[in-house]
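So the protein lines, in turn, are chains A, B, C and D. Under my numbering, read the first sequence as residues 93 to 430, first letter to last. Under my numbering, read the second sequence as residues 93 to 430, first letter to last. Under my numbering, read the third sequence as residues 93 to 430, first letter to last. Under my numbering, read the fourth sequence as residues 93 to 430, first letter to last.
There are 4 protein chains.
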Amino acid sequence: MIVILKSGADDNVVEAVVARITELGLAPHISRGRFRTIIGAIGEEHPESIQLLEEITGVERVVPIMKPYKLASREFHPDSSVFKIGNVTVGEGFVTVIAGPCAIESEELMSEVAVSVKAAGASILRGGAYKPRTSPYAFQGLGEEGLKILRTVSDRLGMPAITEVMDPRDVDLVERYTDIFQIGARNMQNYNLLMEVGKTRKPVFLKRGLSAPIKEWLMSAEYILSQGNQQVIMCERGIRTFSDETRFTLDISAIPVVKEVSHLPVFVDPSHASGRRALVAPLALAAVAAGGDGLMIEVHSCPDKAKCDGPQALLPESFLELMTSIGKLARLLNKQVS
Amino acid sequence: MIVILKSGADDNVVEAVVARITELGLAPHISRGRFRTIIGAIGEEHPESIQLLEEITGVERVVPIMKPYKLASREFHPDSSVFKIGNVTVGEGFVTVIAGPCAIESEELMSEVAVSVKAAGASILRGGAYKPRTSPYAFQGLGEEGLKILRTVSDRLGMPAITEVMDPRDVDLVERYTDIFQIGARNMQNYNLLMEVGKTRKPVFLKRGLSAPIKEWLMSAEYILSQGNQQVIMCERGIRTFSDETRFTLDISAIPVVKEVSHLPVFVDPSHASGRRALVAPLALAAVAAGGDGLMIEVHSCPDKAKCDGPQALLPESFLELMTSIGKLARLLNKQVS
Amino acid sequence: MIVILKSGADDNVVEAVVARITELGLAPHISRGRFRTIIGAIGEEHPESIQLLEEITGVERVVPIMKPYKLASREFHPDSSVFKIGNVTVGEGFVTVIAGPCAIESEELMSEVAVSVKAAGASILRGGAYKPRTSPYAFQGLGEEGLKILRTVSDRLGMPAITEVMDPRDVDLVERYTDIFQIGARNMQNYNLLMEVGKTRKPVFLKRGLSAPIKEWLMSAEYILSQGNQQVIMCERGIRTFSDETRFTLDISAIPVVKEVSHLPVFVDPSHASGRRALVAPLALAAVAAGGDGLMIEVHSCPDKAKCDGPQALLPESFLELMTSIGKLARLLNKQVS
Amino acid sequence: MIVILKSGADDNVVEAVVARITELGLAPHISRGRFRTIIGAIGEEHPESIQLLEEITGVERVVPIMKPYKLASREFHPDSSVFKIGNVTVGEGFVTVIAGPCAIESEELMSEVAVSVKAAGASILRGGAYKPRTSPYAFQGLGEEGLKILRTVSDRLGMPAITEVMDPRDVDLVERYTDIFQIGARNMQNYNLLMEVGKTRKPVFLKRGLSAPIKEWLMSAEYILSQGNQQVIMCERGIRTFSDETRFTLDISAIPVVKEVSHLPVFVDPSHASGRRALVAPLALAAVAAGGDGLMIEVHSCPDKAKCDGPQALLPESFLELMTSIGKLARLLNKQVS
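Put into structure tokens, the structure is as follows:
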């Protein structure tokens, strides 16, 4: 890292900084300018080291030069990660579509939606058994009963299943039924949950927190990777901004930014990002055009009666139309809809 | 609008609200609920009326039900606006690409870039003669000399020209040289400037303010339209959010949102939004896929020596490559690159 | 709630909305305007009802008129909540200061800091045994060993203790050692954790999420209150915005806003909000002046060697100085430092 | 500045950077680390130089170490600026209150409000003759007639007057009537306007832009100072964030942050920040407690009939009450209400 001293900092400050750098096992490198002195600290950068240097009186700021994540970085793993989930290939060169209802409500409904999304070309089936709801008075999901429905339907159709886990105590149970763990935006920094799914060997679909800088999102992936689980999928789902015409603001730039610094696949959830059905198709196409490796889309066979998030779910017929456009766009980009 | 009374508001409040509504020439409509009373005020909604009702003690809030803009709305003008600028058609069904350097530096450089962007398929030539710079010590543009260069080059190549105007005092001068006025993000609410360009009959390219909700952006378009100038192009160029990996956050959803409520064409500027050359192509393609009517892209023939914003300008060869992809994508969407 | 129909919506839409309102056990109330029809739905407002109405084709939007939280509201509990935690009174009329190190590092250090903050006038002792760290490679806290140190020191000094709990599996263990549960900003919507602490009868100190609107923060309090735990303290600790000179942006307005709609006490954490020692005192005084019921402040006896968050911790001598100012300010406001 | 090379950058990159640094008249200083090479560039930092270095292939980023503003910095002017405006002293050690209606509506109303705010202890009179309104259909101010009213009333009461100027063409006219120019938030980066008021010798009250980082706000002050006008007052008036319970989010930390790096006085406008009358007093007291040098507060004698922004204006009796509290708080802080 680079330690920038305050203007007017004297030799005592320089000495204190050099001493601390040496203590930390790093090599100091002094540059004295006309207005400022800056001191390079060469070697491993620990979060603690940065702080210990920032602490010294006379230091203006410390600029890290290394990325704080390792296993998630392209420097560590130059090739884009591509992996199989059941019969589905996820990663560079593919466009993978996950679809299904927001919440699992009944086997009948789940089955109806699953059949339609499979026919349209989706390859992975989503459905929530545990729902994080802002209000304690809202429908919270069917729990294990929901997981069973999801498993039954996905087995019948031969589609891998994905479902959200919200509590470290549920990881074992959910693991028995799902093929992919989904970590919701509100749990992106629920570190104990990240560690628990990191200990399993099932892929983790990690949604970006509503106010997470990309670095922190990658640090959350690092929590999972550091436990030995190598299959993490990043999912941009909109961030909180002042803009109030959509539920969240889809940060489309996150796709190329993450793909530049990390080898992990990047998906987009246009349904939650916008909160409005009419915006799902344009955002989905934009995500694929920007280089996204996949999409997660809410589909409901009768959204007027959905138990949650109805206004953003596509009807099966609109989903089919969208999948046709996605297929054409993928071909244009020399990608395969997996 | 709808006036929601505080819980426990008594008949005196109801009377005061009804009296004020009547005074404003509106018709009141009372609904008494178990917990709250709400009163509808039916008729024209003026910003002043909303305030006058919010003022009354016992009123919790006033919910407007009409859009605050008229001329910019689809209700006023159901068909998407399509208009000609010189030989270039802008609007629904077309993808129009504006390209050129950020600042005009010399006729030689301008000409070199213009020839290359025209060859690649751009139809409108951009170049700044007045540059809004954060620092008073940075290069501020060549002024009228720059305008002359722009005119000469654009006439020679038969491309309409666009350039930014920052000061109401410069509108007459700039009008003599340009085909389209550009209003920068920092001037989106410079109302006197909006009125001045509104009085001309040249198209106005209105960039979204860095922290402007879409409603306020459309209200700024309304300022121009209300002066009789019917040709306004909206340009999304990134908003200020906490996300710090890109200079701004491109609000890709703004495209379908504006097109849903307004008839005006919507463009995107991926160069300023991202501030980084490597992100320009993915964002440009995303913008077209999301339904954008056009793009404004910075191109520089030797960006290493650009006087401003070099790191975001594309080199001519990358621009050519991008235009090829845009052409294919436009065809896929049944649109014409104009 | 109020259902606003799209302009041009016909009688079929009106009928569909009226039917759905009736189905939901609510009473419909129609107002036909020149441009729009609006329909009031009088009775209980469930989140599901709002959605079911928004779903109907021809509905533009649904405006809720009731607050989504109940037990947290002043309507439910008009008097400000005041409660005792050990010998310390918290709530309206008091200014309560919680102080201590960010992380518990050793009994010696904890004891040293505790003695100094008690002498300066702090009444509750803080210290973290489980630390939510952005990086999996950073110090994560001493766990149960830390809890034991906190208990020992706080018993010795007769100060109630507060410590963070991050995992529903740890609630029982932490409950044995602490007097107050702290829920960190990143766990504000960890609903299972909220329910677990809601089932205990120890006060909960609920930090605002980094991107939580005040309504969602109160909904999280509602999760705790709905389990029967009546003692919730709200803590504003800064939100994520574009402003980059401080780690977060302290939303000082949150104090009067929450106190207006809720009976719960509101505290402020100026240390985490700013991330910089020099800003702690001005923000702490501002929080008290704005009506805050208390403060949580990081103090460290030798911040240059802190294991975490050193740059924001006050030294004991600065803390003493600050407490003197807080004491004077509290007296000016006719409040007691508890 | 410091140039950080990409990992793996070879000697050609080092040479190119060193050559460019030398070309720019700066002295290069190379530090080779195990993972990265960093090169210091010692000397003056121009915005252009940063870009020219960032342009070089193989450069990851350039970290500036100097502040981009000079005249506004404490390094240039170590003592806090204190200056007289008529008989009123503004700056460190004083709390100055500017009060009056948002818009000037009539001499009678202006006079009534002015008498009451003077009696309560305000020392500077505000009133808008040109109003920046989001809607072209809203009341835009009385123009010169309003300026005359403001001058007449302020002369009669012996209070300096402040009014907003929005257009460079109006600077001469406004200068004839006002004692202080106000630059509104939406014009903070209207650089030509800043230059025009910079050329006068009347103090400038510079509101922070809705999405301006503190550095950009100080750069706007630099525009004014660079024209020779030394009397700039910074005014924090709330920023745009996701938080929706107040019109804007008052960034209270801006007070100590600006005062740390700059010698300019910092005021706060709690009326516009909150947009709600009930929040004005708590925010005003917080601003003074945080070290603010003054306040700008809207007062209206009959807010129910205000032509604009009524809901946020205080009634004279509430203003009097607030001034009493401000007086006590100022004394506690050893400051004088000027």
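Note that CB positions come from ideal geometry on N, CA and C, so glycine has one too.
I'd like to know whether the C-beta of P348(D) is nearer than 9 Å to at least one C-beta of chain C. yes
Could you pull out every residue in the same chain whose Cβ sits closer than 8 Å to the Cβ of V106(B), ignoring the five residues on either side in sequence? L97, I122, T129 and I131
Looking at the C-beta of M158(C), does it have a partner C-beta in chain B at a distance below 9 Å? Yes - at least one Cβ of chain B is within 9 Å of the one on M158(C).
I'd like to confirm something about T292(C): is its beta-carbon nearer than 8 Å to some heavy atom of the ligand NAD, or not? Here there are no bound small molecules, and the ligand NAD is not part of this structure.
Cβ atoms of L371(D) and A379(D): under 9 Å apart, would you say? no
F127(C) touches chain B at which residues, Cβ-Cβ below 7 Å? M158
Could you check if S335(A) is buried or exposed, using at least 16 other CB atoms within 10 Å of its CB as the buried criterion? Per the 10 Å Cβ criterion, buried.
Status (buried if at least 16 other CB within 10 Å, exposed otherwise) for P120(B): Per the 10 Å Cβ criterion, buried.
Counting only beta-carbon atoms, is V151(D) nearer than 9 Å to chain A? no
Could you work out which residues of chain B lie near E314(C), taking near to mean beta carbons separated by less than 8 Å? Within chain B, no residue comes near E314(C); the closest Cβ sits about 17 Å away, beyond 8 Å.
Check whether the stretch 156-165 of chain C touches the stretch 308-316 of chain C, counting contact only when three or more Cβ pairs, one atom from each stretch, lie closer than 8 Å. Touching, yes, given that three or more Cβ pairs across the two stretches are closer than 8 Å.
Residues within the stretch 116-140 of chain C neighbouring chain A, beta-carbon criterion of under 9 Å: H138, P139 and E140
Contact between the stretch 347-355 of chain B and the stretch 345-352 of chain C is defined here as three or more beta-carbon pairs at a separation below 8 Å; is this criterion met? Look at the beta carbons and you see the stretch 347-355 of chain B not touching the stretch 345-352 of chain C: under three pairs across the two are nearer than 8 Å.
Paired residues, beta bridge with I190(A) - DSSP: I216(A) and M388(A)
Taking only beta carbons into account, state which residues of the stretch 337-363 of chain D come closer than 7 Å to chain C, listed in chain order. Contact annotation: in the stretch 337-363 of chain D, residues whose CB is within less than 7 Å of a CB in chain C are E337, T338, T341, L342, D343, I344, S345, I347, P348, V349 and E352.
Entirely within the stretch 229-294 of chain D and at least 3 residues each: give me those beta strand (DSSP E) ranges in chain order. Runs of the beta strand (DSSP E) inside the stretch 229-294 of chain D: 253-256 and 272-275.
Contact between the stretch 180-187 of chain B and the stretch 142-149 of chain B: three or more CB pairs below 8 Å? no
Using a Cβ cut-off of 9 Å (strictly closer), state whether A101(B) contacts chain D. Not an interface residue.
K420(D) touches chain C at which residues, Cβ-Cβ below 9 Å? L424
For P362(A) and G135(B), I'd like the C-alpha separation in whole angstroms. If you take the alpha carbons of P362(A) and G135(B), they lie about 37 Å apart.
Can you tell me whether M202(C) is helix, strand or coil according to DSSP? helix
Please tell me whether R278(B) has its Cβ less than 9 Å away from any Cβ of chain D. yes
Chain C beta carbons: is any one of them nearer than 9 Å to that of F273(B)? no
Using a Cβ-Cβ cut-off of 9 Å, state whether L377(A) counts as contacting chain B. yes
Buried or exposed for G220(D), going by 16 or more other Cβ atoms inside 10 Å? When all chains shown are included, G220(D) counts as buried.
Should S198(D) go down as buried or exposed, given a rule of 16 or more other Cβ atoms within 10 Å for buried? Exposed, because fewer than 16 other Cβ atoms sit within 10 Å of the Cβ of S198(D).
How would you list, in chain order, the residues of chain A whose beta-carbon sits under 9 Å from the beta-carbon of I96(D)? Result: I94, V155 and I157.
Does DSSP put I122(B) in a helix, in a strand, or in coil? strand
Per DSSP, what kind of secondary structure is A381(B) in: helix, strand or coil? helix
Go to L412(C), then tell me how far its beta strand (DSSP E) extends in each direction, as first and last residue. Not the beta strand (DSSP E): L412(C) falls in the alpha helix (DSSP H), residues P408 to L424.
Output, in sequence order along the chain, the residues in the stretch 103-114 of chain D whose CB is closer than 8 Å to any CB in chain A. none
Once the 5 residues before and after I306(C) are set aside, which same chain residues still bring their CB inside 7 Å of it? Within the same chain, A346, V349 and V350 come within 7 Å of I306(C) by CB-CB distance, once the 5 residues on both sides are set aside.
Can you find a C-beta in chain D that's less than 9 Å from the C-beta of D385(B)? no
Could you check the C-alpha separation between M158(B) and L356(B) for me, to the nearest Å? 19 Å
contact_flag[the stretch 409-419 of chain B, the stretch 218-237 of chain B] where n(CB pairs < 8 Å) is 3 or more: no
What is the DSSP secondary structure of L310(D), reduced to helix, strand or coil? helix
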